[in-house]
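What follows is a set of notes on a single structure, which appears directly below.
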Amino acid sequence: MTARTPLRMGVMDQGWAPAGCDDVTALQNTARLVRVADELGYDTAWIGEHHHQRPDKPFWGRISATEVFLGYVAAQTRSVALGTGVRILGTTPVLRTAEEMTTLAALTGGRVDFGIGSGFGQFGMKSRAERIAEFCTTLDELLLILREKAPDGTPPVSPSSPVDITTRLWAAARDEGMVAHLAKTDINLVVGQAEPAVTQAGYIRSYRQAGGRGRTRGVRLVCVAPTRAQAIADSEKAAELYYEMFSQMAYHKEAVSRGLIRETPADHQELLSQIHFIAGTPDDVIPPLADYIATTGISQLDIMVNIPGMNPAHAERTLRLVQTEVRPALTPAYAHTHAGAA
Numbered sequence: 002m003t004a005r006t007p008l009r010m011g012v013m014d015q016g017w018a019p020a021g022c023d024d025v026t027a028l029q030n031t032a033r034l035v036r037v038a039d040e041l042g043y044d045t046a047w048i049g050e051h052h053h054q055r056p057d058k059p060f061w062g063r064i065s066a067t068e069v070f071l072g073y074v075a076a077q078t079r080s081v082a083l084g085t086g087v088r089i090l091g092t093t094p095v096l097r098t099a100e101e102m103t104t105l106a107a108l109t110g111g112r113v114d115f116g117i118g119s120g121f122g123q124f125g126m127k128s129r130a131e132r133i134a135e136f137c138t139t140l141d142e143l144l145l146i147l148r149e150k151a152p153d154g155t156p157p158v159s160p161s162s163p164v165d166i167t168t169r170l171w172a173a174a175r176d177e178g179m180v181a182h183l184a185k186t187d188i189n190l191v192v193g194q195a196e197p198a199v200t201q202a203g204y205i206r207s208y209r210q211a212g213g214r215g216r217t218r219g220v221r222l223v224c225v226a227p228t229r230a231q232a233i234a235d236s237e238k239a240a241e242l243y244y245e246m247f248s249q250m251a252y253h254k255e256a257v258s259r260g261l262i263r264e265t266p267a268d269h270q271e272l273l274s275q276i277h278f279i280a281g282t283p284d285d286v287i288p289p290l291a292d293y294i295a296t297t298g299i300s301q302l303d304i305m306v307n308i309p310g311m312n313p314a315h316a317e318r319t320l321r322l323v324q325t326e327v328r329p330a331l332t333p334a335y336a337h338t339h340a341g342a343a
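Position in the sequence shown (first residue = 1) + 1 = the numbering used here.
This is the structure in structure tokens:
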């Protein structure tokens, strides 16, 4: 990667929608966003996996069978790599997981990029320690199957993949043991959206110290408009709804306990900062995104633009402005030169 080469960039969409939105509309909003990302030339599009209706929450995810959804949008796209952000290992037998991955790879000509994880916050889940142990065991089994080295003599999966999927696996991890396991197995690391850059930088540092040689990626919420006032106004409802959910999560409580944020934001700008939501003109968002890249050391940036409360037209506008006016400036050289300028 040269100093003039823009960073690899993708789109992350969780398929979230509030109670007043029907499932079909939510699914089609996400599908359209993936099509727009493809038309604009984004490298990847990741779709979140979520299970069960959650009317007790401000919003919930509507996509549980991610590979089914990705098969649908694969027929409507040409170049964007499609993947899960993230698929929860353990919800299906490992052989079935491998088959779904290779089938999508075969259908798309290798346009795949799979995020995997142990999951959290889903109904009926095991303890964190149990989920992490299960994830590591399942990951090892999945790698053996994908590498056609299953110890019990299981034949290779069908269809076969036109690409080596094991190089396109990204795992979400924050537990030290899980991060070390990813480093040992040569799996790429994704640090997500919900935590401060300095916290995520620690995970990446641990990954490298454990011998991890893979790529790393992180996520930020973004809203871009011709004026800062318009970006703030267009994202205000979505930001407040997201904060309502975020403030109930362990990420928020941990950041408060570490003194990184206050328990209650003093104003809207502080609220945006707490949920890592960057809003403004293209010139406004370039420095904080560059600072995020430089602080974490990620090799790919994913943006979230479509969250509950956001007008889909505004989400598409952000995709266009980021691709045409923001992304060209986000070279590795620019990011490191402007670190701390946000």
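We put the CB at the ideal spot given by N, CA and C, even for glycine.
Take residue 100 and list the residues in its own chain whose beta-carbon comes closer than 6 Å to its own, dropping the five residues that flank it on each side. For residue 100, where only same-chain residues beyond five positions count, the Cβ hits under 6 Å are 158.
So residue 191 is in the beta strand (DSSP E); what residue range does that whole segment cover? 189-191
Where DSSP assigns a beta bridge to residue 225, which residues make up the other side? 281
Compute the minimum distance between the beta carbon of residue 68 and the heavy atoms of the ligand ADP, and state whether it is under 7 Å. Summarising the ligand content, the structure contains no ligands, and the ligand ADP is consequently not present.
For residue 60 and residue 241, what's the separation of their Cα atoms in angstroms? C-alpha separation (whole angstroms): 12 Å.
Closer than 8 Å by C-beta to residue 185: which residues in its own chain qualify, once you throw out the five before and the five after it? Chain order, please. 211, 212
Chain C beta carbons: is any one of them nearer than 8 Å to that of residue 248? Absent here is chain C; the protein component of the structure consists of one chain.
Leaving out five residues before and five after residue 175 in sequence, what residues of the same chain have Cβ atoms less than 7 Å from its Cβ? 204
Going by DSSP, which residues form a beta bridge with residue 115? 170
Residue 290 versus residue 277 - alpha carbon distance: 10 Å
In angstroms, rounded to a whole number, what distance separates the CA positions of residue 10 and residue 331? 10 Å
So, are the CB atoms of residue 218 and residue 299 less than 8 Å apart? yes
Look up residue 19 in the DSSP assignment and give the residues it is bridged to. Paired residues: 60.
Since I believe residue 273 is in contact with residue 280 (beta carbons under 8 Å), could you give me their beta-carbon distance rounded to a whole number of angstroms? 6 Å
Secondary structure at residue 195, three-state DSSP: helix, strand or coil? coil
Please classify residue 62 as buried or exposed, where buried requires at least 16 neighbouring CB atoms within 10 angstroms. buried
From 297, 248, 262, 303, pick the residue whose C-alpha is nearest to that of residue 323; which is it? 303
From the DSSP output, in three-state form, read off residue 217 for me. strand
Since residue 37 and residue 222 should fall inside the 8 Å C-beta cutoff, what is the C-beta to C-beta distance between them, to a whole number of angstroms? Wrong, their Cβ atoms sit about 17 Å apart, outside the cutoff.
How many Å lie between residue 75 and residue 264 at the Cα? So the alpha carbons of these two residues sit roughly 42 Å apart.
Taking the Cβ atom as the reference point for each residue, do residue 86 and residue 116 lie within a distance shorter than 8 Å? yes
Where do the N-terminal and C-terminal ends of the beta strand (DSSP E) with residue 93 fall, by residue? Note, residue 93: premise wrong, no beta strand (DSSP E); not H, not E.
In terms of residues, what are the limits of the alpha helix (DSSP H) holding residue 179? Per DSSP, residue 179 belongs to the alpha helix (DSSP H) from 177-185.
Do you know how far the Cα of residue 27 is from the Cα of residue 244? 20 Å
Beta-bridge partners of residue 88, as assigned by DSSP: 117
At the level of alpha carbons, what is the spacing between residue 3 and residue 164? Low confidence applies here, because residue 3 scores a pLDDT of 40, under 50, leaving its location unreliable; read the following figure in that light. Distance between the alpha carbons of residue 3 and residue 164 is about 25 Å.
What residue range is occupied by the uninterrupted alpha helix (DSSP H) comprising residue 147? 129-147
Along the alpha helix (DSSP H) that carries residue 36, what are the first and last residues, could you check? 24-41
Quick one: measure Cβ to Cβ for residue 50 and residue 88, integer angstroms, because I've assumed they're closer than 8 Å. The Cβ separation is near 5 Å, so the contact holds.
Using DSSP bridges, identify the partner residues of residue 304. 12, 221
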